[in-house]
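Below is one structure; the comments refer to it alone.
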Amino acid sequence: MKNKLIIVEDDPIFTFLLEKGINHAEIKGEQLIFSNGKPAMEYLNNDYSDSYNYIIFLDLNMPVMNGWEFMDNLETIANTNNCMVFVLTSSSYRHDIELLKKKDLVADFVTKPITEFHLKGIKNIIIEKFEEH
193 MKNKLIIVED
203 DPIFTFLLEK
213 GINHAEIKGE
223 QLIFSNGKPA
233 MEYLNNDYSD
243 SYNYIIFLDL
253 NMPVMNGWEF
263 MDNLETIANT
273 NNCMVFVLTS
283 SSYRHDIELL
293 KKKDLVADFV
303 TKPITEFHLK
313 GIKNIIIEKF
323 EEH
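The working numbering applies: residue 193 is where the sequence shown begins, and numbers increase by one.
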């Protein structure tokens, strides 16, 4: 199955750096960029299919539709067979981390700034879940 790499992030500089990091780490897939959860959710409502793996890099703190609202909506259409979310945030509040760990679709929680080490770990999680089955 092909991968769709969906970046939901309102900071254009961080988005640019994340794109470069994804390419450098050789995480394969079609990249789609959304500046907040609303257009990303609209895309997924129309596009979500069992024919693709959806790997979502999600910021929590965004205008219009934040990451929490996005996750609530995503959970109504997605499943863990072909979707995983990597939460990217500057928040290091233990409460946020604990709430996110309870969500089945969340594969990992990464505090910004994201590093090459984080991206290599993300790549390994993707390979383990989607490419070895």
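Backbone N, C-alpha and C define an ideal beta-carbon position, used for all residues, glycine too.
Item, Value
"Complete runs of the beta strand (DSSP E) confined to the region 227 to 256 [at least 3 residues]", "244 to 251"
"Rounded distance between the beta-carbons of Ile269 and Tyr246, thought under 8 angstroms", "Incorrect: roughly 10 angstroms between the Cβ atoms, too far for contact."
"Member of Asn215, Met193, Lys196 and Glu323 whose CA lies at the smallest distance from the CA of Leu307", "The amino acid occupying residue 307 in the given sequence is Thr; Leu does not appear at that position. Residue Asn215 is the option with its Cα nearest to Thr307."
"Proximity below 7 angstroms, CB of Val256 to CB of Val279", "no"
"Per-residue burial, Phe208 [other beta carbons within 10 Å of its own, 16 or more giving buried]", "exposed"
"Per DSSP, the bridge partner or partners of Leu280", "Asp251 and Val302"
"Local Cβ density within 10 Å of Val266, reported as buried at 16 or more and exposed below that", "Reading the sequence as shown, one finds Leu at residue 266 and not Val. The residue is buried, with at least 16 neighbouring Cβ atoms inside 10 Å."
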